[in-house]
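There are 2 protein chains.
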Amino acid sequence: MSDLGFKAHDHSDCVNSAISAAEARCAAFDLRLTPVRRRVLELLLAEHRALGAYDILAQLSAEGLGAQPPIAYRALDFLVKAGFAHRIEALNAYIACTHLGADHTPAFLICRSCQSVAESDTAMTQGRLGDAARAAGFHIEHTVVEAQGLCPACQAQDAAS
Amino acid sequence: MSDLGFKAHDHSDCVNSAISAAEARCAAFDLRLTPVRRRVLELLLAEHRALGAYDILAQLSAEGLGAQPPIAYRALDFLVKAGFAHRIEALNAYIACTHLGADHTPAFLICRSCQSVAESDTAMTQGRLGDAARAAGFHIEHTVVEAQGLCPACQAQDAAS
DNA sequence: TCCGGTGTTGATATGTTATAACATACACTA
DNA sequence: TAGTGTATGTTATAACATATCAACACCGGA
Ligand SMILES: [Zn+2]
Ligand SMILES: [Zn+2]
Ligand SMILES: [Zn+2]
Ligand SMILES: [Zn+2]
Numbered sequence: 001m002s003d004l005g006f007k008a009h010d011h012s013d014c015v016n017s018a019i020s021a022a023e024a025r026c027a028a029f030d031l032r033l034t035p036v037r038r039r040v041l042e043l044l045l046a047e048h049r050a051l052g053a054y055d056i057l058a059q060l061s062a063e064g065l066g067a068q069p070p071i072a073y074r075a076l077d078f079l080v081k082a083g084f085a086h087r088i089e090a091l092n093a094y095i096a097c098t099h100l101g102a103d104h105t106p107a108f109l110i111c112r113s114c115q116s117v118a119e120s121d122t123a124m125t126q127g128r129l130g131d132a133a134r135a136a137g138f139h140i141e142h143t144v145v146e147a148q149g150l151c152p153a154c155q156a157q158d159a160a161s
Numbered sequence: 162m163s164d165l166g167f168k169a170h171d172h173s174d175c176v177n178s179a180i181s182a183a184e185a186r187c188a189a190f191d192l193r194l195t196p197v198r199r200r201v202l203e204l205l206l207a208e209h210r211a212l213g214a215y216d217i218l219a220q221l222s223a224e225g226l227g228a229q230p231p232i233a234y235r236a237l238d239f240l241v242k243a244g245f246a247h248r249i250e251a252l253n254a255y256i257a258c259t260h261l262g263a264d265h266t267p268a269f270l271i272c273r274s275c276q277s278v279a280e281s282d283t284a285m286t287q288g289r290l291g292d293a294a295r296a297a298g299f300h301i302e303h304t305v306v307e308a309q310g311l312c313p314a315c316q317a318q319d320a321a322s
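Chains V and U, in that order, are what the protein sequence lines are.
For the first sequence, this note's numbering gives the first residue as 1, with consecutive numbering after it.
For the second sequence, this note's numbering gives the first residue as 162, with consecutive numbering after it.
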């Protein structure tokens, strides 16, 4: 479990270690972190916020790395398949993984005010949903768990105003 | 908890009671179940499957009830706000509520093969996600819990082939 | 009865997100 | 060198969603 994203931390460290971990994983599994893919990962890592595919695309375009939607979508697909990023269904947007390398079932806390996102963890076969699935004979392959609300900072701001 | 949608049941009964409950709720809360809204609810109730806004719109259009996107979206918004339907984020689609009237926090089991959807229940402040949120000081307002996988029927079919 | 507020619908246009389809470049290897 | 697989480049379009303004009905109070 991690609430990174709502907490102060050494973020350049956070970015560097994520990139290193991605490189290591690519080397280990024979994946290619090409320039576009690497840049998209960097963009996602820049803040603990979800970015839409077209936000990404605008950046890539500004940097001369490609201007058509598939450029962004293919890079994002690669990152998601490789486990370097996650898609946030409730926002139609993408975020860098903060548990890079570890096998995990992500869950997200999404602030509706500042759009910051923290990645937590669930065990998809546990809890009430797991019980319901077992009772129904349903075989879970993937879970989407996304909580929306207010992060600590935005609650404080709300209270102040 | 309910795994309706994967189980055989008297579906016309299922539809009728849902419509009745919706009517009762509209009467009680001074909401208006207008012809378009009622028809959209019926369409969503027809099967335990999620329908896209444009699927709905195509039906409405064929029946002369409106042909522009806002017609469908307004009706869907009403149904969702009234608690008569839910939006499935992972599919960008909508489904009728099977706990109509009861105050609840829905969770969904979505079959990737036959697209049928069963509505279950979660307690959003419970479980690991609730723990994570509390630890982070995050205030949860709404949760999206959607499990994707294979329903019992499709597992059987898979095994047979 | 008239009027103004509110809520619903009708219609056009536009914005946003995502993929299909096809062509090309490039690296590896048989 | 020819063949294979992966990644890119490019055009077009599909699919999902909202903004905006006009018209109309319904209801309570003047
Ligand atoms: Zn960080
Ligand atoms: Zn916030
Ligand atoms: Zn039914
Ligand atoms: Zn199925």
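Yeah, the Cβ is synthetic: ideal placement off N, Cα and C, and Gly gets one too.
Closer than 8 Å to chain V by CB, residue i
i, result
"U:Gln318", "no"
"U:Leu202", "no"
"U:Ile301", "yes"
"U:Ala294", "yes"
"U:Leu149", "A question about residue 149 of chain U goes unanswered here, because the residues of chain U that appear run from 162 up to 322."
"U:Gly213", "no"
"U:Ala279", "yes"
"U:Ala251", "yes"
"U:Phe245", "no"
Proximity test, residue i beta-carbon vs ligand 6 heavy atom, cut-off 7 Å
i, result
"U:His170", "As far as ligands go, the structure on display features ligand 1, ligand 2, ligand 3 and ligand 4 and does not contain ligand 6."
CA-to-CA distance, residue j to residue i, given in whole angstroms
i, j, result
"V:Ala18", "V:Gly83", "12 Å"
"U:Leu194", "U:Cys187", "7 Å"
"V:Gly149", "U:Asp191", "29 Å"
"V:Gly127", "U:Ile249", "20 Å"
"V:His99", "V:Glu146", "16 Å"
"U:Glu224", "U:Val201", "11 Å"
"V:Cys111", "V:Phe6", "9 Å"
"U:Arg295", "U:His303", "14 Å"
"U:Cys312", "U:Gly291", "27 Å"
"U:Gln229", "U:Ala182", "29 Å"
"V:Ala8", "V:Cys14", "11 Å"
"U:Ala284", "V:Leu65", "45 Å"
"V:Lys81", "V:Asn16", "21 Å"
"V:Cys154", "V:Cys114", "7 Å"
"U:Leu237", "U:Ala246", "8 Å"
"V:Glu42", "V:Leu109", "21 Å"
"U:Ala207", "V:Ala136", "21 Å"
"V:Ser2", "V:Ile95", "Only weak support exists for where V:Ser2 lies, its pLDDT of 48 falling under 50; the value from the coordinates is given anyway. Roughly 15 Å between the two C-alpha positions."
"V:Pro106", "V:Asp55", "23 Å"
"U:Gly199", "U:Gly213", "Per the sequence shown, residue 199 of chain U should be read as Arg rather than Gly. Taking the straight line joining both Cα atoms gives about 17 Å."
"V:Phe78", "U:Ser173", "45 Å"
"V:Glu93", "U:Asn253", "As written in the sequence, residue 93 of chain V is Ala, which differs from the Glu given in the question. Distance between the alpha carbons of V:Ala93 and U:Asn253 is about 13 Å."
"U:His263", "U:His300", "A small fix is needed here, since residue 263 of chain U is Ala in this sequence, not His. Their Cα atoms are separated by approximately 23 Å."
"V:Ala132", "U:Ala185", "29 Å"
Min CB distance residue i to chain U below 8 Å
i, result
"V:Gln148", "yes"
"V:Cys151", "yes"
"V:Asp121", "yes"
"V:Thr143", "yes"
"V:Leu109", "yes"
"V:Arg49", "no"
"V:Ala129", "Reading the sequence as shown, one finds Leu at residue 129 of chain V and not Ala. Cβ-Cβ to chain U under 8 Å: yes for V:Leu129."
"V:Glu23", "no"
"V:Gly137", "yes"
"V:Ala160", "no"
"V:Ala96", "no"
"V:Glu63", "no"
"V:Phe6", "yes"
DSSP bridge partner residues for residue i (one or two, in chain order)
i, result
"V:Leu51", "V:Tyr94"
"U:Ala246", "U:Ala257"
"U:Ala329", "The shown model of chain U, from 162 to 322, leaves out residue 329 of chain U, and the question about it has no answer."
"U:Ala268", "U:Ser281"
**Report entry** Contact set, ligand 2 heavy atom to C-beta under 5 Å
**Finding:** V:Cys111, V:Ser113, V:Cys114, V:Cys151, V:Cys154
Requested in this report: Return the chain-ordered ranges of every beta strand (DSSP E) run that is complete within the stretch 110-151 of chain V and spans a minimum of 3 residues.
Outcome: 117-121, 139-150
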